[in-house]
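Note that the sequence shown covers residues 237 to 506 in the working numbering.
To keep things clear, I will list the structure first and then write my remarks on it.
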Amino acid sequence: MCARRLESGFQTILFEKRQSIGYVTLNRPEALNAYNVRMRDDLYEILGAIRDDPDLNVVVLKGAGDRAFCAGADLSEFLTAPPPPASRQVRWERDVWGLFLAIPQPVIASLHGYVLGSGIEMALCCDLRIASEEARFGLPEVTLGIIPAAGGSQTLPRTVGRAKSLEMLLTNRWIDAREALSAGLVNRVVSRQDLTPTVERLANQLASRPRLITRSIKEAISRGASLSLTEGLDMERRLAQRVLSSSGALQVIEANMLDRAARFHDTSPL
Ligand code: COA
Numbered sequence: 237m238c239a240r241r242l243e244s245g246f247q248t249i250l251f252e253k254r255q256s257i258g259y260v261t262l263n264r265p266e267a268l269n270a271y272n273v274r275m276r277d278d279l280y281e282i283l284g285a286i287r288d289d290p291d292l293n294v295v296v297l298k299g300a301g302d303r304a305f306c307a308g309a310d311l312s313e314f315l316t317a318p319p320p321p322a323s324r325q326v327r328w329e330r331d332v333w334g335l336f337l338a339i340p341q342p343v344i345a346s347l348h349g350y351v352l353g354s355g356i357e358m359a360l361c362c363d364l365r366i367a368s369e370e371a372r373f374g375l376p377e378v379t380l381g382i383i384p385a386a387g388g389s390q391t392l393p394r395t396v397g398r399a400k401s402l403e404m405l406l407t408n409r410w411i412d413a414r415e416a417l418s419a420g421l422v423n424r425v426v427s428r429q430d431l432t433p434t435v436e437r438l439a440n441q442l443a444s445r446p447r448l449i450t451r452s453i454k455e456a457i458s459r460g461a462s463l464s465l466t467e468g469l470d471m472e473r474r475l476a477q478r479v480l481s482s483s484g485a486l487q488v489i490e491a492n493m494l495d496r497a498a499r500f501h502d503t504s505p506l
């Protein structure tokens, strides 16, 4: 389904496409954007369309309302969830987390307020994470008698390391934005009022780059994470070859050479 057709009609998600940027908003502010079954199904549809949309260069994921990006799985559904075999089947058929990781465009998470449980797990499926200074991060699963099931036990240590992950998962210690920054959980922390402008500037910056280049960089890093160095270098060579042999590449290189001085100064804050 074309991403533009998704701009209306979802219960839990808002989707908006502006030029080549797709904005996905978790939209249950009354429940701090808790992730429920409906949201899973809505996200599954939207992420599939985004993945297949050649005109989308960048995706931004954010939460509606003032209080939270996402306060984790919807606890009110815990007692009404379908029996394990049924939910396992749906999970296979609607692998939202696999889909998140399969999106070829760079995905930016815009994080404010509570970023808990599935909220962190969603953010970890994104490529760049910008947080506002009041954001708080935690994985309360241990207190609920469960363990993360949306990739958190795998994506968190790959991002912040083993010790920090074990501390957060075993003790349910929540961390603030500054600590998240120093742990490498987020790329940048800004004031609440600067969050949206910062994310939009970054999204526009990425969207202005040739999509083959941004997608190839993401692919090299994502696929490389599970390869040996030798295999990774091999893959990088193939991707570089693909970029060089693409029709627009030579014009881009030429333009960049001419504009080299300007490019060197392209270090303005996000
Ligand atoms: N699932 C379902 N509803 C949730 C929710 C969740 N994970 N988190 C918050 N909500 C709802 C609350 O039930 C409340 O709804 P109500 O106004 O109809 O009662 C509303 O969101 C606001 O939350 P509230 O608890 O009143 O806000 P608070 O400021 O007192 O506390 C939190 C905020 C995030 C600390 C608290 O809501 C909380 O601990 N949430 C659960 C976090 C969690 O364990 N997530 C699951 C991880 S696996």
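Backbone N, C-alpha and C fix where the C-beta goes; we use that ideal spot for every residue, glycine too.
Predicted model, so just to flag it, every value in this text is computed and none were measured.
Ignoring anything shorter than 4 residues, give me the alpha helix (DSSP H) runs that lie fully in the segment 307-392, in order along the chain.
Here the runs fully enclosed are 320-329, 332-338 and 354-361.
In or out: Phe336 buried (at least 16 other Cβ within 10 Å) or exposed?
Translated into the one-based positions of the sequence shown, residue 336 becomes position 100. Phe336 is buried by the Cβ-count criterion.
Within 8 Å, do at least three Cβ pairs link the segment 393-411 to the segment 338-348?
No contact exists between the segment 338-348 and the segment 393-411.
Taking the Cβ atom as the reference point for each residue, do Asn263 and Asp310 lie within a distance shorter than 7 Å?
Position 27 of the sequence shown, counted from the start, is the residue given in the question as residue 263. Position 74 of the sequence shown, counted from the start, is the residue given in the question as residue 310. No, Cβ-Cβ distance for Asn263 and Asp310 is not below 7 Å.
Tell me which residues pass a beta-carbon proximity test against the ligand COA: closer than 6 Å to any heavy atom, given in chain order.
Cβ-based neighbours of the ligand COA within the cut-off: Ala267, Leu268, Ala270, Ala307, Gly308, Ala309, Asp310, Leu311, Ser312, Tyr350, Leu352, Gly353, Pro376, Glu377 and Leu380.
Can you determine whether any heavy atom of the ligand ADP sits closer than 6 Å to the C-beta of Phe314, and answer yes or no?
The ligand ADP is not part of the structure shown, which contains the ligand COA as its ligands.
Taking Arg447 as part of the alpha helix (DSSP H), name the residues at either end of that continuous run.
On the sequence shown, residue 447 is found 211 positions in, with the first residue counted as 1. Unbroken alpha helix (DSSP H) run through Arg447: Arg447 to Gly460.
Quick one: grab the DSSP three-state call for Leu297.
Residue numbering aside, residue 297 sits at position 61 when the sequence shown is read from its first letter. The answer is strand: DSSP assigns Leu297 an E or B state.
Under a three-way DSSP split, which group does Gly420 fall into?
Here residue 420 refers to the residue found at position 184 of the sequence shown. Gly420 falls in the coil class under three-state DSSP.
To which residues of the same chain is Ala456 closer than 6 Å at the C-beta, ignoring the five residues directly before and after it?
Here residue 456 corresponds to residue number 220 of the sequence shown, with the count starting at 1. Excluding residues within five positions, the ones whose Cβ falls inside 6 Å are Glu472 and Leu475.
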